[in-house]
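Peer 1:
Residue numbers (my numbering), protein chains in the order written: chain G, 1046 to 1320; chain C, 1046 to 1320.
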């Protein structure tokens, strides 16, 4: 039996592999299908999280909010898969990696969260910059982390988000080295996806963001910035995870950074078309 | 003393007039400054409203949420006015007209809501299509309601919003007659403002939206659609007002439709730039 290329997999097929226990970053998986960050909190903290996201839309673009206790939703309905294995997704099992925080401390990194589930948990699906990576490749912008088969590097910056009740924290960014002559292309292409982080927050000069060592990302893997490349920083959906942990919420369930939820939405759904 | 043209007024100056009691639709006022819909509810209903807005972003684009009890905020800081009368805005007095609903019934249409204010009230500022009207005019698209000096007509449609807890209701649209040869221009121009309703939800064929008589809008004033013009419909920020009233919330304070809050934000802040 031929093994399909990971980029050709349908969302339900990818979710089935992760449900079976495969742990891997998802950059490059399921071309054209939207990937999402997950952040799950008790219902009595949900207002603060939604308000935090609303006040920090570039880093926390909300794609959907699931009702308390819900483990699936319209973006995971399987319909997009159009194939026999198109079963609805389950956020408790279908990500390739999770983080569980209690009182702000990372206590576990399980491959499912069935044992942590409660009926009062409200889940937020937050946009992910992997959504515009296909558009970057199509425009001729190379993606160094994909070439190396590694996770994208992510950094906690010195820039603070606008707080909302308890949640407060730093802007988290992802970094991609971009050849200098392609930086303006990368800005233009990603600017057309404002609901999944949009244009970069910074081109070059990592120290202005308080990043002192690119080789030591806070999440993901380091990716060298070769001569001729410029480090380009985009707002990252790990930002709410940093905020709710800094705020020491009693329980937070989130994805392992870079190990995303593959949804049944299409990347084009988040593309701004201007004529 | 020369009377400045209404379109040249600074936001703080306009707000001062409304605070003094002037009642008027605000289309055409304060060129380049962003106008907003207001919806204020008790804090224990705020989650539902914010979730409703998040699930219906085209009709309910949230520009800001004020903390419980707050009567001003960053979009009303007066800083944008850059003049001696640049005092911060107060949402209780600075709109030219209000609606107060109790248990879903319209009970009052006062010119301020000082007497209704409570410390547990949470206010949402929602984007308004007046934001892109200057861009339409600049592109040569005439605005018939402005030519007539009347309020824009708004209609409750047969299309339902995606519900969120209690709030559920119809999509409300504003209508502008557009010369047929300029419809594609109008679509392109407004599509660049996705955070203030964006491109039309419908061009022509009002019955498909369940609108049976254009001469009888549910809010605002009728505007005739002359031969050569096509009725074009945009999602409208009165939508959350229709939803929270249909849901019979105990208390809702909102603007009188078309009588908006003039903020210190610039229209350009909501323009998507793609290169």
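Just so you know, even glycine gets a beta-carbon here, dropped at the ideal spot from N, CA and C. Nothing here was measured: the structure is a model prediction, and the numbers come from that model.
Sort C/1155, C/1141, C/1113, C/1254 by Cα distance to residue 1164 of chain C and report the nearest one.
Peer 2: In the second chain, the residue the question calls residue 1164 of chain C occupies position 119. Minimum Cα distance to residue 1164 of chain C is reached at C/1113.
Peer 1: Who does residue 1150 of chain C pair with in a DSSP beta bridge?
Peer 2: On the second chain, residue 1150 of chain C is found 105 positions in, with the first residue counted as 1. Answer is C/1147, bridged to residue 1150 of chain C.
Peer 1: Answer yes or no: does any C-beta atom of chain C fall closer than 9 Å to that of residue 1103 of chain G?
Peer 2: Within the first chain, residue 1103 of chain G is the residue found at index 58, counting from 1. Closer than 9 Å: no.
Peer 1: Would residue 1107 of chain C count as contacting chain B if we go by Cβ distances under 9 Å?
Peer 2: Within the model displayed, chain B is absent; protein chains G and C are what it includes.
Peer 1: If we ignore side chains and look at the alpha-carbon of each, how far apart do residue 1071 of chain G and residue 1312 of chain G end up?
Peer 2: As a position in the first chain, residue 1071 of chain G is number 26, starting the count at 1. As a position in the first chain, residue 1312 of chain G is number 267, starting the count at 1. Distance between the alpha carbons of residue 1071 of chain G and residue 1312 of chain G is about 15 Å.
Peer 1: Let me know the secondary structure DSSP gives residue 1190 of chain G once reduced to three states.
Peer 2: Taking the first chain and counting its residues from 1, one reaches residue 1190 of chain G at position 145. Three-state DSSP puts residue 1190 of chain G in a helix.
Peer 1: Between which two residues does the alpha helix (DSSP H) containing residue 1234 of chain C stretch?
Peer 2: Locating residue 1234 of chain C in the second chain gives position 189, counting from the first residue. Where residue 1234 of chain C is concerned, the enclosing alpha helix (DSSP H) stretches over 1228-1236.
Peer 1: Short check: CB of residue 1151 of chain G to CB of residue 1290 of chain G, under 9 Å?
Peer 2: Position 106 of the first chain, counted from the start, is the residue given in the question as residue 1151 of chain G. Position 245 of the first chain, counted from the start, is the residue given in the question as residue 1290 of chain G. Going by C-beta atoms, residue 1151 of chain G is nearer than 9 Å to residue 1290 of chain G.
Peer 1: Closest to residue 1277 of chain G by CA distance: which of G/1171, G/1217, G/1261, G/1231 is it?
Peer 2: Residue 1277 of chain G sits at position 232 when you count from the first residue of the first chain. The candidate whose alpha carbon is nearest that of residue 1277 of chain G is G/1231.
Peer 1: Check this for me: beta carbons of residue 1142 of chain C and residue 1068 of chain C, under 9 Å apart or not?
Peer 2: Working through the second chain from its first residue, we reach residue 1142 of chain C at position 97. Working through the second chain from its first residue, we reach residue 1068 of chain C at position 23. Residue 1142 of chain C places its beta carbon less than 9 Å from that of residue 1068 of chain C.
Peer 1: Examine the Cβ distances between the stretch 1272-1287 of chain G and the stretch 1213-1226 of chain G and report whether three or more of them are shorter than 8 Å.
Peer 2: yes
Peer 1: Along chain C, in chain order, which residues have C-beta atoms closer than 8 Å to that of residue 1096 of chain G?
Peer 2: For this step, residue 1096 of chain G is matched to residue 51 along the first chain. 1095, 1110, listed in chain order.
Peer 1: Leaving out five residues on either side along the sequence, give the residues of the same chain with a beta carbon under 7 Å from the beta carbon of residue 1241 of chain C.
Peer 2: The residue given as residue 1241 of chain C occupies position 196 in the second chain. Closer than 7 Å at Cβ, skipping near neighbours: 1106, 1172, 1173, 1174, 1176, 1177, 1315.
Peer 1: Using the beta-carbon of each residue, which ones in chain G are nearer than 9 Å to residue 1099 of chain C?
Peer 2: Sequence index remark: in the second chain, residue 1099 of chain C carries index 54 (1-based). Result: 1095, 1098, 1099, 1107, 1109, 1110.
Peer 1: From the DSSP output, in three-state form, read off residue 1274 of chain C for me.
Peer 2: Taking the first residue of the second chain as position 1, residue 1274 of chain C is located at position 229. Residue state, collapsed to three classes: strand.
Peer 1: So, residue 1137 of chain G versus residue 1157 of chain G, is the Cβ gap smaller than 9 Å?
Peer 2: For the purposes of this step, residue 1137 of chain G is identified with residue 92 of the first chain, where counting begins at 1. For the purposes of this step, residue 1157 of chain G is identified with residue 112 of the first chain, where counting begins at 1. Yes.
Peer 1: Determine, using beta carbons only, whether residue 1281 of chain G and residue 1219 of chain G come nearer to each other than 9 Å.
Peer 2: As a first step, residue 1281 of chain G must be located in the first chain, where it is residue number 236. As a first step, residue 1219 of chain G must be located in the first chain, where it is residue number 174. A distance below 9 Å separates the beta carbons of residue 1281 of chain G and residue 1219 of chain G.
Peer 1: Going by beta carbon distance, what residues of the same chain come within less than 8 Å of residue 1284 of chain G, once the five residues before and after it are set aside?
Peer 2: As a first step, residue 1284 of chain G is located in the first chain; it is residue number 239 there, counting from the start. Counting only Cβ-Cβ distances below 8 Å, and skipping sequence neighbours, we find 1101, 1104, 1105, 1206, 1214, 1215, 1216, 1217.
Peer 1: Check the Cβ-Cβ distances between residue 1092 of chain C and every residue of chain G, and say whether any is below 9 Å.
Peer 2: Taking the second chain and counting its residues from 1, the one referred to as residue 1092 of chain C is at position 47. At a cut-off of 9 Å between beta-carbon atoms, residue 1092 of chain C makes contact with chain G.
Peer 1: Report yes or no: is there a C-beta of chain G within less than 9 Å of the C-beta of residue 1239 of chain C?
Peer 2: Within the second chain, numbered from 1, the residue matching residue 1239 of chain C stands at position 194. At least one chain G Cβ lies under 9 Å of residue 1239 of chain C.
Peer 1: Kindly indicate which residue of C/1310, C/1297, C/1221, C/1246 has the alpha-carbon position closest to the one of residue 1270 of chain C.
Peer 2: The sequence position of residue 1270 of chain C within the second chain is 225, counting from 1. Looking at the Cα atoms, C/1221 is the closest of the given residues.
Peer 1: How would you call residue 1159 of chain C, buried or exposed, if buried means at least 16 neighbouring beta carbons within 10 angstroms?
Peer 2: Mapped onto the second chain, residue 1159 of chain C falls at position 114. The residue is exposed, with fewer than 16 neighbouring Cβ atoms inside 10 Å.
Peer 1: Could you name each continuous alpha helix (DSSP H) segment of 4 residues or more that falls completely within the stretch 1266-1317 of chain C, going from the start of the chain to the end?
Peer 2: 1284-1291
Peer 1: Straight-line CA distance for residue 1246 of chain C to residue 1258 of chain G?
Peer 2: What you label residue 1246 of chain C is simply residue 201 of the second chain in a count that begins at 1. What you label residue 1258 of chain G is simply residue 213 of the first chain in a count that begins at 1. Approximately 48 Å, taken between the alpha carbons.
Peer 1: Identify, in the order they occur along the chain, each residue of the same chain with its Cβ nearer than 7 Å to the Cβ of residue 1132 of chain G, setting aside the five sequence neighbours on each side.
Peer 2: Counting from 1 along the first chain, the entry for residue 1132 of chain G is found at position 87. Only 1057, 1123 meet the Cβ criterion.
Peer 1: Please determine, among C/1239, C/1303, C/1299, C/1254, the residue with the shortest C-alpha to C-alpha distance to residue 1331 of chain C.
Peer 2: With chain C covering 1046 to 1320 only, the question about residue 1331 of chain C has no answer from this structure.
Peer 1: In the structure shown, what three-state DSSP assignment does residue 1074 of chain C receive?
Peer 2: Against the second chain, residue 1074 of chain C aligns to sequence position 29. The answer is coil: DSSP assigns residue 1074 of chain C none of H, G, I, E or B.
Peer 1: Which stretch, first to last residue, makes up the alpha helix (DSSP H) that contains residue 1094 of chain C?
Peer 2: Counted from its first residue, the second chain places residue 1094 of chain C at position 49. Per DSSP, residue 1094 of chain C belongs to the alpha helix (DSSP H) from 1091-1100.
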